[in-house]
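Accompanying notes for the structure given below.
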Amino acid sequence: MTAAVFERIRDFGIKRALGATDLHLLREVLGEALGVSLTGGAAGVAIALGIGWLVDLKILRDGQQVFLFSPRLLLFALVFSVVLGALAAAYATLRIAHLSPAEAIRRGT
Amino acid sequence: MLVRARGLAKRYRGAAGHPVRALEAADLDATPGELVAVVGASGSGKSTLLNLLGLLEPPDAGEIWFDDVRVSHLSRRAQARVRGTRIGYVFQSFLLVSGLTAIDNVLLAARYVGRDRATALREAMVLMERLGVADRRDHYPAELSGGEQQRVAYCRAVLNGPPLVLADEPTGSLDDVHARVILGELRGLVRERGTSVILVTHRAEAAAEADRALRLEAGRLEHA
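Protein chains in written order, with the working numbering: chain A, 1 to 109; chain B, 1001 to 1224.
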């Protein structure tokens, strides 16, 4: 997420030249981060559930269970991924927010 | 809108870490309905001057006034508002956002100043139709020619009807035909809307169209 924001430093400079404030940019980035983190987090939870189910089904045939995913754990994983994504995006946005539009455009070109 | 700049100065850190003087005590006025050309060799400080006038970077010294407001000393948020509502930029390298289509690039100008999207879309389409790029509205910048990109960038610059348009070598990457289109549009803005246009150029043809020409040499601004 941080790298994705730094890669678009030129676009941020252009948008600020067109009147975007730091808040506009932060909102845009956080919106994207939320989408990406939610999708990634949900995919991670689904993959973990699938692998856990396969392992329990194929390897342990005597009714034992190795993986136990409680709803609370899955929710925590999802929330953690969203919070981490948002923090990374906010950190990167604030790092480049102090640049003038011209400097952002120069660095990104 | 009356634009006044007094004593503008800017230095950059050079490759060896030494300060390089880009602009030194520059004064400039532009009245409504005036096209001012700034000419000068590469590295003379022309782009720096436009960046300062456009509030794209802060001067080391000096002041910029739009009418009776000293815009160079406004807060970051207030300067962003001024950039969005009162200044239009046309850059030599177009500076379109690569991930957005032509129409979305044009509409970016309206987004950050809170304009109604439907109204802005109608106006954007009228502008793009006039500039001959309406049929390219859903294409990304990489799919457009240089002339098309510059016309899209021009539409974005004037969508909000800014009283000041800053054009940094707007015809530098264009052939003669497209250069004439852009110069004609800038001239039209000055005549029909009373816009102040400050044009940085090395084209004699463009400078000849100006009401007033200034020369930048080694960071100093003089009458041409």
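Note that beta-carbon positions come from the ideal geometry of N, C-alpha and C, so glycine has one too.
Residue closest to B/T1085, alpha-carbon to alpha-carbon, out of B/T1101, B/A1061 and B/R1115: B/R1115
8 Å Cβ cutoff, B/E1012 in contact with chain A: A quick correction: the sequence has Tyr, not Glu, at residue 1012 of chain B. So, not an interface residue.
A/L75 at chain B interface by Cβ criterion, 8 Å: no
Any 3 or more C-beta pairs closer than 8 Å across the region 1090–1103 of chain B and the region 1134–1147 of chain B: yes
Contact set for A/V45: own chain, Cβ-Cβ below 7 Å, skip 5 residues either direction: L74, A77 and L78
B/T1085: contacting residues in chain A (beta-carbon distance under 9 Å): G19
C-beta neighbour in chain B for A/E103, strict 8 Å: yes
Rounded C-alpha distance that separates A/S70 from A/F6: 37 Å
Distance between A/W53 and A/I47 (C-alpha atoms, nearest Å): 10 Å
For B/L1049 and B/F1066, the rounded distance between their alpha carbons: 15 Å
Buried or exposed by the 16-neighbour rule on C-beta atoms within 10 Å, applied to B/V1090: buried
Closer than 8 Å at the beta carbon, the chain A residues around B/P1058: S100
Which residues DSSP lists as bridging A/K58, in chain order: None; A/K58 has no bridge partner.
Neighbour-count burial assignment, B/A1124, 16 or more Cβ in a 10 Å radius: buried
Between the CA atoms of A/T21 and A/A88 - distance to the nearest angstrom: 19 Å
Outcome for A/G41 when other beta-carbon atoms lying within 10 angstroms are tallied against a minimum of 16: buried
Below-8 Å beta-carbon distance, B/Y1089 vs any chain A residue: yes
Interface flag, B/Y964 vs chain A, CB-CB below 8 Å: Past the edges of chain B, shown from 1001 to 1224, lies residue 964 of chain B, and the structure says nothing about it.
B/R1212, DSSP secondary structure in three states: strand
Spatial distance of A/L25 from B/G1054 (CA atoms): 20 Å
Whether B/V1039 touches B/R1220 by CB criterion (8 Å): no
Neighbour-count burial assignment, B/P1292, 16 or more Cβ in a 10 Å radius: An answer regarding residue 1292 of chain B cannot be provided, because it is not within the stretch 1001 to 1224 covered by chain B.
Contacts that A/K58 makes with chain B (C-beta to C-beta distance below 8 Å): Residues of chain B passing the Cβ test: none, with the nearest at roughly 43 Å.
Min CB distance A/R107 to chain B below 8 Å: no
B/A1009 and B/G1062 closer than 8 Å at C-beta: yes
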